[in-house]
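For the sequence shown, counting from 1, position 80 maps to 80 in full-length UniProt numbering; every step adds exactly one.
No residue lacks a Cβ here, since even glycine has one placed at the ideal position from N, Cα and C.
On a predicted model such as this, the values are computed, not experimentally measured, just so you know.
Okay, so here's the structure we're looking at.
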Amino acid sequence: MTPQEETVILEAREILGRYLNHNPVLTSWAAVCDYCAVTVRGPEERFHVLYLDRKNRLISDERMSVGTVDHVPVYPREVIKRALILGASALILIHNHPSGDPTPSEADLSMTKEIQKGCRFLGLTLHDHIIVGAGYEVSLRGLGKM
């Protein structure tokens, strides 16, 4: 990635951040995917959680972890603990696959199930886990994996 491209990406993130501050309800799949694609794309795996209130307004976008080119550590306990601290009612998990292929791995599916169990137990809603690839995103809910 060139320095000019990095500058453009940073500016796009700022614009999206301002947009969400003015229009914080994530009402469409397209809006969520657009936000996710810009937020987590990069040369290393990044894991974010969007914490939402009861009306699906964004409370916080938290970068929980940054990993390597093919792995990012995720701790379900920390994801859920942060939801409770923020007073969130729902969450959306997001991470990228720098390889460009957003196909979920067995580790992705297992981690999602662990977080989903914890959410169910505590009355939180896990809306989706979105994996960002090169130019397109995959929804685990859409694949029937949740």
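Review point. Under the three-state reduction of DSSP, which class applies to tyrosine 35: helix, strand or coil?
Key: As a first step, residue 35 must be located in the sequence shown, where it is residue number 35. Three-state DSSP puts tyrosine 35 in a helix.
Review point. How is serine 28 classed by DSSP in three states: helix, strand or coil?
Key: Walking along the sequence shown from the start, residue 28 turns up at place 28. Coil, per DSSP.
Practice item. Give the secondary structure of leucine 143 by DSSP, where H, G and I count as helix, E and B as strand, and everything else as coil. Key: Numbered from 1 along the sequence shown, position 143 holds the residue referred to as residue 143. If DSSP states are grouped into helix, strand and coil, leucine 143 belongs with coil.
Point to revise | Contact under 8 Å by Cβ, glutamate 62 with histidine 71 | key: Along the sequence shown, one-based indexing puts residue 62 at 62. Along the sequence shown, one-based indexing puts residue 71 at 71. Contact flag unset, no.
Check your understanding: For the segment 104 to 116 against the segment 50 to 67, are there 3 or more C-beta pairs whose distance is under 8 Å?
Key -> no
Exercise for review: Entirely within the segment 85 to 128 and at least 3 residues each: give me those beta strand (DSSP E) ranges in chain order.
Suggested key: 90 to 96
Check your understanding: Who are the near neighbours of cysteine 36 in its chain, counting only those whose CB is closer than 7 Å to its CB and skipping five residues on each side?
Key -> Along the sequence shown, one-based indexing puts residue 36 at 36. Once the five neighbours on either side are set aside, the close Cβ partners of cysteine 36 are Ile94, Ile130, Val132 and Glu137.
Review point. What first and last residue would you give for the beta strand (DSSP E) that runs through glutamate 62?
Key: Numbered from its first residue, the sequence shown carries residue 62 at position 62. Unbroken beta strand (DSSP E) run through glutamate 62: 58 to 66.
Exercise for review: Just the C-alpha distance for aspartate 34 and phenylalanine 121, rounded to the nearest angstrom, thanks.
Suggested key: For this step, residue 34 is matched to residue 34 along the sequence shown. For this step, residue 121 is matched to residue 121 along the sequence shown. C-alpha separation (whole angstroms): 30 Å.
**Study point:** From Ile9, Met64 and Leu91, residue whose alpha carbon lies closest to that of valine 74
**Key:** Residue numbering aside, residue 74 sits at position 74 when the sequence shown is read from its first letter. When each option's Cα is compared against that of valine 74, the closest is Met64.
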